[in-house]
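Asks: Residue numbers (the numbering used here): 155 to 303.
This is the structure I have questions about; it appears just below.
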Amino acid sequence: MYIPLEVYRETERMLRRRRTLLPEARSALAAAEARATDIRSPVADRVSGKGTPGDRTAAGADILMQAHEQLAGAEKWLKVFAQMDRLFGALTPEGRIARLLYREGKSQEEICCALGVSRQTVRRRRDTYVCHCALLAAKAGLIDVRGGA
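Now the structure itself:
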């Protein structure tokens with residue numbers, strides 16, 4: 155199974171960020187709420203340098219909307235990861251490699267030694283895992299497997 159390289163890399167990046175996705179999104183939402191409600195920080199017009207209350211309201215709404223979208227995206231990714239955990243449990247070869255690689259941060263060489271397998275086996279099983287994850291993410295509307303995240 156093959157997917158475009160940028161999709162593979164984005165999926166793997168999200169797998170590596172699994173533990174931090176939700177806390178980062180919640181933190182960004184809290185920061186956005188603080189910025190959006192802070193009346194003392196006017197949003198300046200890019201040309202004139204002047205801001206109006208309407209500009210601040212619209213900018214605050216945009217900031218909040220982006221933060222809410224980030225949180226919703228993080229929650230969708232976590233659902234994809236939960237599906238992956240069900241598909242590739244800790245007893246499957248792909249599941250073991252994914253756990254060591256993406257949750258424990260082990261290197262490919264460390265995984266080879268720990269499991270007694272070749273680097274080619276680790277890469278092949280990792281590729282299977284990442285491709286399945288990308289397909290589930292595409293089904294959830296998180297990425298486009300035809301070539302864009």
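Note that beta-carbon positions come from the ideal geometry of N, C-alpha and C, so glycine has one too.
Please read all numbers here as calculations on a predicted model, not as lab measurements.
#1: Within the same chain, show all residues whose beta-carbon is closer than 7 Å to that of Arg279, passing over the 5 residues directly before and after it, in chain order.
#2: How long is the line joining the alpha carbons of Asp298 and Tyr156, rounded to whole angstroms?
#3: To the nearest angstrom, report how far apart Ser261 and Leu255 are at their CA atoms.
#4: Is the beta carbon of Leu289 less than 9 Å from the beta carbon of Lys230?
#5: Can the beta-carbon of Ala292 be found closer than 9 Å to that of Gln224?
#6: Between Arg253 and Arg172, what straight-line distance do the alpha-carbon atoms span, to the nearest angstrom?
#7: Please list, in chain order, all residues of the same chain as Arg180 whose beta carbon is under 7 Å from its beta carbon, the five residues on each side excluded.
#8: How many angstroms separate the CA atom of Thr165 from the CA atom of Ala244?
#9: Residue range of the alpha helix (DSSP H) that Thr165 falls in?
#10: Check each candidate in Ala184, Ile265, Val284, Asp281 and name the one with the smallest Cα separation from His222.
Replies: In this structure, then:
#1: Excluding positions up to five away in sequence, the list reads Pro247, Glu248, Ile251.
#2: Straight-line measurement puts the Cα of Tyr156 at about 13 Å from the Cα of Asp298.
#3: Answer to the nearest angstrom: the Cα atoms are 7 Å apart.
#4: Their beta carbons are not under 9 Å apart, which means Leu289 does not touch Lys230 by this criterion.
#5: Contact flag unset, no.
#6: Approximately 11 Å between the Cα atoms of the pair.
#7: Non-local beta-carbon contacts of Arg180 in its own chain, meaning distances under 7 Å to residues more than five positions away in sequence, involve Leu225 in chain order.
#8: Distance from the CA atom of Thr165 to the CA atom of Ala244, rounded to whole angstroms, is 20 Å.
#9: Unbroken alpha helix (DSSP H) run through Thr165: 159-170.
#10: Nearest option by C-alpha distance: Ala184.
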